[in-house]
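Throughout, the working numbering is defined as the position within the sequence shown, counted from one, plus 22. Using N, Cα and C, we set each Cβ at its ideal position, and we do this for glycine too. Worksheet for the structure shown next.
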Amino acid sequence: MVAIGLKALPLRRAKNCDLLAECDMVREGSSFNQGGGRRNMGRKSMKKSKGGESGGAAGDSYGQDGYSEYQDGSGTPHTSFLRQNVDPETAKYFSEISNVIEGAENMEERSSICGNALEETRGKEVELATDYIISHTLQSLLQGCALDQLCNFLQNCSKDFPRISMDKSGSHVAETALKSLAAHLQEGGDQSLIEVTLNDICQAIVANPVEVMTNCHGSHVLRSLLCLCKGVPLDSSDVHSKKSSAVLAQRLNLKPFRSDGSGFHGTQMGFPDMLKFLVAEILKAARKDIETLQFDQYGSLVLQTALKLLVGYEEELSHAIPVILGCKGNLIDSNAAKKLLGLMKEAAFSHLMEVILEVAPDALYTELITKVFKGSLYEMSTHYCGNFIVQALISQARSEDHVELIWKELGSRFKDLLGKGKWGVVASLLAACQKLHSHEQKCCQALTGAVSMETEPPRCIVPRILFLDNYFYCKDKSNWDWPSGARMHTMGTLILQSVFKFPSDFIHAFISSMTSLEEDHLLDTIKDSGGARVIEAFLTSDASGKQKRKLIIKLKGHFAELCVLQSGSFTVEKCFDVSSLALREVIVSEMSTVQAELSKTRQGPHLLRKLDIEGYAKRPDQWKSRQTSRESAYNDFISTFGSKETKSKYDASFTENRPKSQQEKLKDMRKEIDTHLTHNATPFLAQQSFKKSGQKRHSDGTERGSGKFTKHTMEDNAGKTKHKKRKHNA
Numbered sequence: 023m024v025a026i027g028l029k030a031l032p033l034r035r036a037k038n039c040d041l042l043a044e045c046d047m048v049r050e051g052s053s054f055n056q057g058g059g060r061r062n063m064g065r066k067s068m069k070k071s072k073g074g075e076s077g078g079a080a081g082d083s084y085g086q087d088g089y090s091e092y093q094d095g096s097g098t099p100h101t102s103f104l105r106q107n108v109d110p111e112t113a114k115y116f117s118e119i120s121n122v123i124e125g126a127e128n129m130e131e132r133s134s135i136c137g138n139a140l141e142e143t144r145g146k147e148v149e150l151a152t153d154y155i156i157s158h159t160l161q162s163l164l165q166g167c168a169l170d171q172l173c174n175f176l177q178n179c180s181k182d183f184p185r186i187s188m189d190k191s192g193s194h195v196a197e198t199a200l201k202s203l204a205a206h207l208q209e210g211g212d213q214s215l216i217e218v219t220l221n222d223i224c225q226a227i228v229a230n231p232v233e234v235m236t237n238c239h240g241s242h243v244l245r246s247l248l249c250l251c252k253g254v255p256l257d258s259s260d261v262h263s264k265k266s267s268a269v270l271a272q273r274l275n276l277k278p279f280r281s282d283g284s285g286f287h288g289t290q291m292g293f294p295d296m297l298k299f300l301v302a303e304i305l306k307a308a309r310k311d312i313e314t315l316q317f318d319q320y321g322s323l324v325l326q327t328a329l330k331l332l333v334g335y336e337e338e339l340s341h342a343i344p345v346i347l348g349c350k351g352n353l354i355d356s357n358a359a360k361k362l363l364g365l366m367k368e369a370a371f372s373h374l375m376e377v378i379l380e381v382a383p384d385a386l387y388t389e390l391i392t393k394v395f396k397g398s399l400y401e402m403s404t405h406y407c408g409n410f411i412v413q414a415l416i417s418q419a420r421s422e423d424h425v426e427l428i429w430k431e432l433g434s435r436f437k438d439l440l441g442k443g444k445w446g447v448v449a450s451l452l453a454a455c456q457k458l459h460s461h462e463q464k465c466c467q468a469l470t471g472a473v474s475m476e477t478e479p480p481r482c483i484v485p486r487i488l489f490l491d492n493y494f495y496c497k498d499k500s501n502w503d504w505p506s507g508a509r510m511h512t513m514g515t516l517i518l519q520s521v522f523k524f525p526s527d528f529i530h531a532f533i534s535s536m537t538s539l540e541e542d543h544l545l546d547t548i549k550d551s552g553g554a555r556v557i558e559a560f561l562t563s564d565a566s567g568k569q570k571r572k573l574i575i576k577l578k579g580h581f582a583e584l585c586v587l588q589s590g591s592f593t594v595e596k597c598f599d600v601s602s603l604a605l606r607e608v609i610v611s612e613m614s615t616v617q618a619e620l621s622k623t624r625q626g627p628h629l630l631r632k633l634d635i636e637g638y639a640k641r642p643d644q645w646k647s648r649q650t651s652r653e654s655a656y657n658d659f660i661s662t663f664g665s666k667e668t669k670s671k672y673d674a675s676f677t678e679n680r681p682k683s684q685q686e687k688l689k690d691m692r693k694e695i696d697t698h699l700t701h702n703a704t705p706f707l708a709q710q711s712f713k714k715s716g717q718k719r720h721s722d723g724t725e726r727g728s729g730k731f732t733k734h735t736m737e738d739n740a741g742k743t744k745h746k747k748r749k750h751n752a
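Below is the structure:
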């Protein structure tokens with residue numbers, strides 16, 4: 023055991039006074055980075071931090087002490103907290119401790135040193151935590167100490183925890199302490215001790231939560247505290263601000279909204295009752311200041327986090343949301359509805375409203391859509407902030423009735439919305455119709471009508487959506503043509519990916535347009551990351567195998583070029599999956615010429631292994647035999663264990679792809695002979711040589727000489743009959 027005390031360390035030489043002088047410089051606001059010593063102490067630059075994060079760009083507006091100028095309802099300004107200078111002897115001690123713990127390799131020894139050093143902080147927690155230099159040492163101590171020592175430190179400074187959290191340096195200490203608590207909790211630490219410690223912290227915060235919420239540093243610490251109570255990782259992307267791409271993926275059904283009943287990935291042990299208490303007390307204290315919080319960037323972030331963490335607690339959400347919306351009771355009246363429509367045009371509140379729509383219970387969502395949004399959807403859709411709220415509203419539609427209400431206001435405005443650049447609203451409505459199987463055909467027809475005239479051929483539809491902005495911003499749309507070299511529109515490619523999820527009966531125009539793409543345009547599409555995903559969506563859609571192969575055949579001679587591209591490699595794999603055996607051989611033979619280059623790409627080793635390119639290069643006949651056996655085995659598995667839907671889907675695909683058995687060949691031959699005998703007076707064998715009896719195939723796998731009675735023709739006829747039935751039912 024190593025005993026470390028305040029007076030156990032010898033005094034350093036006079037040069038250590040320079041360190042204290044530099045501490046004072048930092049305390050006065052000077053930049054320590056300009057000196058020749060330690061730079062930034064391993065902490066991220068405050069200027070690079072995003073708004074709402076600890077050390078946000080708005081930090082300077084809160085003064086040197088890190089406090090906001092927010093005043094509570096009483097009108098009395100809060101007393102500004104001035105940092106107290108750490109006495110030289112204490113500063114010298116913690117400087118020595120920093121060197122000692124850096125050199126301690128034994129974990130037990132390190133823990134003992136950290137624990138003893140934390141004892142020396144008693145009564146000085148605030149001064150030490152808010153000191154720019156010593157706060158870093160304090161963070162190391164909190165990370166290395168035992169649970170009881172950590173809890174003792176937090177309990178000793180619990181009354182000052184809000185003050186520490188709102189300080190530029192102290193907020194990092196508070197964050198570190200909470201992360202250490204979370205780590206001990208997951209490692210099986212004393213749960214009751216942690217709960218008592220958290221309770222002390224929560225009691226201190228709810229005494230004046232609005233001040234902490236509206237502080238750029240305090241906001242982040244409070245969100246971490248909420249996460250700890252829920253049992254969610256403190257740095258979880260499910261809670262903190264998500265990238266717009268992640269939100270968009272959820273809204274377009276490309277990513278599920280909730281991973282499980284709790285709504286979060288990696289949920290850990292938590293304190294749900296304490297979470298409910300903390301949120302309830304925050305809202306209770308903030309009710310009179312809710313208008314301030316609705317517009318405050320940092321306060322809004324805390325409310326968003328609280329709502330996300332309450333997912334699964336319907337009663338608490340039903341109480342919290344009306345309070346946040348500023349309603350007097352739990353119901354939304356007409357006056358509140360009008361006020362909300364105005365608030366939604368403000369940036370801070372629009373983000374908050376998106377989260378409200380995401381987590382609202384079904385009954386409350388229905389009340390919002392009928393009382394607040396009904397009659398104003400198009401107006402909101404064209405607003406630069408409001409359109410994101412409408413996207414959230416549409417993507418969260420819970421029933422066909424909700425889609426019906428939305429469709430009445432927006433279904434006939436696709437062209438207007440696309441013309442005004444509100445692509446996300448159209449994409450969200452497509453995804454909602456597809457998810458709830460409501461208005462699917464009408465939605466596809468509306469999109470077709472928005473980008474083409476009735477007199478125009480379908481082939482123009484896909485190119486115009488791929489270059490959505492280029493087409494709609496073109497003054498002479500009648501003469502618009504494929505813009506070579508231009509980047510494809512992100513939302514346009516996402517819209518097409520959604521389209522190809524619909525049943526094939528509803529997207530004939532899109533399928534026709536896709537298969538009509540010229541070879542050069544098809545190559546441009548695959549070389550674009552978004553365009554490649556559109557091709558992949560088409561190849562995995564309900565379109566027939568014949569239609570898919572019609573597109574794949576255009577890529578002959580280019581598979582070697584495409585497979586080494588990051589986007590093209592995935593497309594080539596999808597082409598292989600849906601091709602006939604003859605086409606698969608073409609694909610692999612072309613790829614075998616670039617084996618060395620392909621092996622160096624990210625996707626290359628996977629393709630080489632899956633397609634067995636090396637095996638083909640050595641023995642093509644054995645490769646063909648293996649492919650036939652695999653397809654046959656997979657087809658048997660699907661017919662035995664697959665569902666009805668899966669069977670019908672794969673029967674169409676694999677029956678077309680696999681080579682015919684001898685028995686099937688004889689059966690087809692008899693049919694062909696009977697057909698010719700019926701239509702011709704001269705016997706069939708007398709007119710044609712036996713070699714042309716329908717057994718020879720084209721390179722795409724279709725049979726020559728028996729086109730009228732091929733598998734493809736029979737499937738097309740069946741598809742037409744099926745289409746008539748669905749059309750009649752619609």
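Just mark PRO255 as buried or exposed, buried being the case when its beta carbon has 16 or more other beta carbons within 10 Å. buried
Taking 9 angstroms as the cut-off, decide whether the C-beta atoms of ASP298 and TYR335 are in contact. The question names Asp, yet the displayed sequence has Lys at residue 298. Yes. Within cutoff.
What are the start and end residues of the alpha helix (DSSP H) that includes ASP536? Residue 536 is actually Met in this sequence, not Asp. Element bounds for MET536: 530-537.
Specify the secondary structure class of ARG49 as computed by DSSP and reduced to three states. Interpretation of ARG49 is limited by its pLDDT of 34, a score under 50 that renders its predicted location unreliable; the figure taken from the coordinates is listed afterwards. DSSP places ARG49 in helix when its eight states are reduced to three.
For VAL412 versus LEU440, is the C-beta spacing smaller than 9 angstroms? no
Distance CB(ALA454)-CB(ILE428) smaller than 9 angstroms: yes
Backbone secondary structure at CYS496 - three-state DSSP: coil
In three-state terms, what does DSSP make of ASP6? A question about residue 6 goes unanswered here, because the residues of the chain that appear run from 23 up to 752.
Keeping to the same chain, check which residues put their C-beta closer than 7 angstroms to that of MET291; ignore five residues upstream and five downstream. LEU207, GLN208, GLY253
Alpha carbons only, please: which of LEU247, CYS496, ARG481, GLN467 is nearest the one belonging to PHE528? GLN467
C-alpha gap between GLU476 and LEU518, whole angstroms: 20 angstroms
Spell out a yes or no on whether the region 530-550 and the region 494-503 are touching, meaning 3 or more CB-CB pairs, one atom from each, closer than 8 angstroms. no
Measure the alpha-carbon distance for SER651 versus ASP599 and round it to whole angstroms. 15 angstroms
Please report the residue range of the alpha helix (DSSP H) in which VAL521 lies. 512-521
Helix, strand or coil: how does DSSP classify GLU313 here? helix
Would DSSP call HIS424 helix, strand or coil? helix
Mind pulling the alpha helix (DSSP H) runs of 4 or more residues that sit fully within the region 408-470? 408-417, 422-432, 436-441, 445-458
Is it buried or exposed for PRO184, if we count other Cβ within 10 angstroms and need 16 for buried? PRO184 is buried by the Cβ-count criterion.
From GLN644 to TYR638, what does the alpha carbon distance come to, in whole angstroms? 8 angstroms
Which residues in the same chain have their Cβ closer than 6 angstroms to the Cβ of PHE371, if we skip the five residues on either side of it in sequence? GLN316, LEU365
Which same chain residues, not among the five before or five after LEU347, have their C-beta less than 8 angstroms away from its C-beta? ILE354, ALA358, LEU362, ILE378
With distances taken Cα to Cα, identify the nearest neighbour of CYS585 among LEU605, SER621, GLY552. SER621
Extract the residue ranges of the alpha helix (DSSP H) inside the region 199-265, only unbroken runs of 4 or more that lie entirely within it. 213-227, 231-235, 238-252
Among ASP109, HIS194, LYS568, LYS181, the one whose alpha carbon lies nearest that of LEU164: HIS194
Along the alpha helix (DSSP H) that carries ASP355, what are the first and last residues, could you check? Membership of ASP355 in any alpha helix (DSSP H) is not indicated, and neither H nor E is assigned to it by DSSP.
Using a Cβ-Cβ distance cut-off of 9 angstroms, determine whether ILE378 contacts chain C. No chain C appears in this structure, which consists of one protein chain only.
How would you label ASP109, buried or exposed, when you count the other beta carbons within 10 angstroms and need 16 or more for buried? exposed
Whole-angstrom distance between GLU612 and HIS580, CA atom to CA atom: 8 angstroms
ARG631 versus MET510 - alpha carbon distance: Note on geometry: alpha-carbon atoms of ARG631 and MET510 lie some 32 angstroms from one another.
Please determine, among ASP423, LEU577, VAL594, the residue with the shortest C-alpha to C-alpha distance to LEU629. Closest option to LEU629, judged by alpha-carbon separation, among ASP423, LEU577, VAL594: VAL594.
In or out: GLN326 buried (at least 16 other Cβ within 10 Å) or exposed? Result: buried.
Any idea what DSSP makes of GLU755, helix, strand or coil? Within the shown structure, residues of the chain are numbered from 23 to 752, placing residue 755 beyond reach of any answer.
Alpha-carbon to alpha-carbon, MET235 and SER83: For SER83, the predicted structure reports a pLDDT of 33, less than 50, and the residue's modelled location is therefore unreliable. A value from the coordinates is still provided. Whole-angstrom Cα-Cα distance: 15 angstroms.
Could you tell me which uninterrupted alpha helix (DSSP H) segments, each at least 4 residues in length, are contained entirely in the region 557-609, listed from first to last along the chain? 567-574, 581-585, 588-600
From this set, ASP491, LYS190, GLY211, which residue's C-alpha is nearest GLN171's C-alpha? GLY211
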